[in-house]
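Residues 1089 to 1252 in the working numbering are what the sequence shown lists, from first letter to last. What follows is a short report on a single structure.
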Amino acid sequence: MYSLAQVNIARTLAPLEDPRMTDFVAQLDTVNALADTSPGFIWRLQTSEGNATAVKAYDDPLIIFNMSVWATLNDYSSYVYSNESLHREVMKQRRRWFQRFDGPYTALWWIPQGHIPTVEEAKERLEYLRIYGETAYAFSIKKQFPAPDASIQLLTQIPEACPT
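This is the structure in structure tokens:
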């Protein structure tokens, strides 16, 4: 009944066209293709040309924005963290390409099957996580919340305590 949505952001050390970013950019198509063919993968944000890094969700031109939907939390975790994952190898080298980020840079949340999250929805989840910490509304891999069952109403709107 539910799928897992995820967003992650990163601030690059330089624009993607800069020579310092060459090794990272060279791996993007392979890492994205791996995601696209991973068990449980449903969807990822990209332009009509297939470019995920061209989506600018923030005014800061160095922030890259990634969002995807997965069938289960285990499917997502396997893609990101398994020992055989190219994604994990790239993540180990992230300090070569990305600045340290103040606050959360990844948020997870449950969505009804078939729903495609918007950029604004993802930004809202990240901001909620930054202000209020881990809840069923927005969480991280470190403090997971299970998918709701049919008897539990899914949190699809900002809880009352969160300013808009």
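We put the beta carbon where it would ideally sit given N, CA and C, even for glycine. Predicted model, so just to flag it, every value in this text is computed and none were measured.
Asked                                                                                                                                                                : Found
Would you be able to state if there are at least three C-beta pairs under 8 Å between the stretch 1187 to 1195 and the stretch 1098 to 1114?                         : yes
In three-state DSSP terms, what is Ala-1121?                                                                                                                         : helix
First and last residue of the beta strand (DSSP E) that includes Tyr-1090?                                                                                           : 1090 to 1099
Between Met-1179 and Thr-1135, what straight-line distance do the alpha-carbon atoms span, to the nearest angstrom?                                                  : 23 Å
So, for Ile-1130: in the same chain, excluding its five sequence neighbours on each side, which residues have a beta-carbon less than 8 Å away from its beta-carbon? : Ser-1091, Ser-1156, Val-1157, Trp-1158, Ala-1159
Find the nearest neighbour of Phe-1153 within the set Asp-1163, Thr-1141, Gln-1232, judged by alpha-carbon distance.                                                 : Thr-1141
Ser-1156 lies in the beta strand (DSSP E); which residues open and close that run?                                                                                   : 1151 to 1158
Tell me where the alpha helix (DSSP H) around Arg-1184 begins and ends.                                                                                              : Unbroken run through Arg-1184: none, as it is neither H nor E.
Mind checking whether Ala-1102 and Arg-1108 have CB atoms under 8 Å apart?                                                                                           : yes
Between the C-alpha atoms of Leu-1217 and Ala-1093, what's the straight-line distance to the nearest angstrom?                                                       : 14 Å
Taking the beta strand (DSSP E) that Leu-1196 falls in, what are its first and last residues?                                                                        : 1194 to 1200
Just how far apart, CA to CA, sit Arg-1132 and Asp-1124?                                                                                                             : 8 Å
Under the assumption that Leu-1214 contacts Pro-1192 (Cβ atoms under 8 Å), give the Cβ distance between them as a whole number of angstroms.                         : 6 Å
Nearest by alpha-carbon distance to Tyr-1167: which of Lys-1144, Gly-1138, Gly-1128 is it?                                                                           : Gly-1128
With a CB to CB cut of under 6 Å and the five nearest residues on each side skipped, what residues in its chain are close to Asp-1163?                               : Pro-1127, Gly-1128
With Ile-1130 as the anchor, note down where its beta strand (DSSP E) starts and where it stops.                                                                     : 1129 to 1132
Ordered along the chain, which non-local residues of its own chain (more than five positions away) have a Cβ less than 6 Å from that of Phe-1227?                    : Leu-1196, Phe-1233
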